[in-house]
Every structure is written in structure tokens, then in C-alpha cells.
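*Asks:*
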Amino acid sequence: SQKIEQNSEALNIQEGKTATLTCNYTNYSPAYLQWYRQDPGRGPVFLLLIRENEKEKRKERLKVTFDTTLKQSLFHITASQPADSATYLCALDPDSGGYQKVTFGTGTKLQVIP
Amino acid sequence: DAGVIQSPRHEVTEMGQEVTLRCKPISGHDYLFWYRQTMMRGLELLIYFNNNVPIDDSGMPEDRFSAKMPNASFSTLKIQPSEPRDSAVYFCASSLGGASGYTFGSGTRLTVV
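Heads up: the protein sequence lines correspond to chains A and B, in order. Throughout the first sequence, residue numbering follows our numbering, covering 1 to 114 in sequence. Throughout the second sequence, residue numbering follows our numbering, covering 1001 to 1113 in sequence.
Put into C-alpha cells, the structure is as follows:
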């Protein structure tokens, strides 16, 4: 069956360091992979989307990689700040038949320590 | 645009009662999604619409759940009768489709006692 795995443990890092979050998937052929940020009591907020034929995407301090051979995406936040503390979700979109049907991972909680 | 608007933000109801959740998507977005989030199962897709037409409702847990989208600016998710296991946060999201992300509402926290 299709499965998406994110670090189930919370990730604690020191301010200024680079945070790296992992998203692994099995039995899935996504056309797109998305990353979202979710703060407590709020809905997820879209951050980045990477296509299956793209190796890397950047947006300000964020970088996403997508390795379809390893079936893995890495999400990096450079020069992390306490304001980056949140839960980060990856989501896979098979983009089959022209309709979207995105499946979300359970998320990794990031805590940036001042 | 004010984003995706959901109401109510919180709902507490007794088991057996009918619950209606409401959503106003972003104008121009062709896709609308209803998700449910719990600690145990994360975000689960319940149903989604394209141009007001339901496309896939395979995630709707039981016949007690129903969703409608009478026009491009309004959708409802109804639970009748509600049960304690329906307690969760329900999110509505909309999207342009294709290689675009979703815009989520702030969610409705439903508690069934």
C-alpha cells in the first residue's frame, strides 16, 4: 500500500543551524511533491512545490530536493530562527487524470532553540 | 482576498446531533477539498470537488457524512448523526489545480460529547 513517512520524532536544533527534514514514500509515483508549514491551531500553509523532473528548488532560506530513485525528499531551512518552529508536512500529488488528489504525511515538529 | 473562510471555528455538540461545517473557497480556485486531521491519522482527504462537481468521495468514512457544493463560492460538510469518534479538526482547502499548492482555511474544531 502507499505510504508516506516523515520523522515521527520532533527535531530540535540550535538557532542559526540548518534544519533538515525527511520525507520518504513507498508504492507511489508522485508527479509533484509539496511542503507545508502548520502552526498550532492553524491550517497548513503552502511553502514549496517540486516536480518529479526537478532535483532541487529554493525559496529564500528554504531548499527542497527530490530524489525519485531513493523515493525521498529533503527539506532544508538554513540559518534557522525560533520563528521557524512549527510542524512541517510533505504531500504527494500523483497528478493522474488531470485531477489533484494530494496525500499528506503526518508531519515533523521542528523546534528551533534560541 | 481573505483566503479560505471556514465556519464555525469551534463546534461542540452532543452525540446524535446534526453538524454542518461551512467553507468559502478563494474566488477563481477550481478545486475544493475537505480534510480531517487527528493526532493518530494526520490529514485525511474526505472529498474533493472540481468546478463544483464531486470527483472523489472515497475518503468519506460513512454514510453519515455528506458534502455539497451548490456554487463556486460555498461548500458544506454535514455529519448526521454525529458520534464521539468524529471529533477532529476539519479543514477546507482550495486550489487552482495543476502545479499549485493548496490554500487551507483555519479549520473547524469539532467535539462530539
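Each residue gets a CB set at the ideal place from its N, CA and C atoms; glycine is no exception.
Counting only beta-carbon atoms, is residue 1106(B) nearer than 7 Å to chain A?
*Replies:* yes
*Asks:* Would you kindly work out how many angstroms separate the C-alpha atoms of residue 42(A) and residue 1107(B), rounded to a whole number?
*Replies:* Those two C-alpha atoms are separated by around 7 Å.
*Asks:* Which of the residues in the stretch 1045 to 1071 of chain B, read from start to end, lie with their CB under 9 Å from any CB of chain A?
*Replies:* 1045, 1048, 1050, 1055 and 1056
*Asks:* Using beta-carbon positions only, say whether residue 1038(B) and residue 1082(B) come within less than 7 Å of one another.
*Replies:* Going by C-beta atoms, residue 1038(B) is not nearer than 7 Å to residue 1082(B).
*Asks:* Between the alpha carbons of residue 1092(B) and residue 88(A), how many angstroms are there, rounded?
*Replies:* 18 Å
*Asks:* Do you know how far the Cα of residue 23(A) is from the Cα of residue 105(A)?
*Replies:* Per the coordinates, the alpha-carbon of residue 105(A) lies some 8 Å from the alpha-carbon of residue 23(A).
*Asks:* If you measure from the beta carbon of residue 1028(B) to each beta carbon in chain A, is any gap under 7 Å?
*Replies:* no
*Asks:* Count Cβ pairs between the stretch 59 to 72 of chain A and the stretch 6 to 17 of chain A that sit closer than 8 Å; are there 3 or more?
*Replies:* Result no; under three Cβ-Cβ pairs closer than 8 Å.
*Asks:* Just to confirm the assignment: which complete alpha helix (DSSP H) runs, minimum length 4, are found wholly within the stretch 46 to 95 of chain A?
*Replies:* none
*Asks:* Report the three-state DSSP secondary structure of residue 42(A) (helix, strand or coil).
*Replies:* Coil at residue 42(A), not helix or strand.
*Asks:* Check the Cβ of residue 71(A) against every Cβ in chain B and list those closer than 8 Å, keeping chain order.
*Replies:* Here the premise fails: no neighbours, minimum Cβ distance about 19 Å.
*Asks:* What's the C-alpha gap between residue 1019(B) and residue 1056(B)?
*Replies:* 22 Å
*Asks:* For residue 991(B) and residue 31(A), I'd like the C-alpha separation in whole angstroms.
*Replies:* Examination of residue 991(B) is not possible in this model, given that chain B is present from 1001 through 1113 alone.
*Asks:* Around the C-beta of residue 1067(B), are 16 or more other C-beta atoms found within 10 angstroms, so that it is buried, or is it exposed?
*Replies:* buried
*Asks:* Grab the span of the beta strand (DSSP E) containing residue 1111(B) for me, first residue to last.
*Replies:* 1108 to 1112
*Asks:* What does the alpha-carbon distance come out to for the pair residue 74(A) and residue 1016(B)?
*Replies:* 44 Å
*Asks:* At what residues does the beta strand (DSSP E) containing residue 1006(B) begin and finish?
*Replies:* 1005 to 1007
*Asks:* With a threshold of 7 Å between beta carbons, is residue 75(A) in contact with chain B?
*Replies:* no
*Asks:* Of all the CB atoms in chain B, is at least one closer than 7 Å to the CB of residue 44(A)?
*Replies:* yes
*Asks:* Is there a C-beta anywhere in chain C that falls below 7 Å from the one on residue 25(A)?
*Replies:* Chain labels in this structure do not include chain C; the protein chains are A and B.
*Asks:* What are the boundary residues of the beta strand (DSSP E) that residue 1088(B) is part of?
*Replies:* 1088 to 1095
*Asks:* In this structure, how does DSSP classify residue 1081(B) when only helix, strand and coil are distinguished?
*Replies:* The answer is coil: DSSP assigns residue 1081(B) none of H, G, I, E or B.
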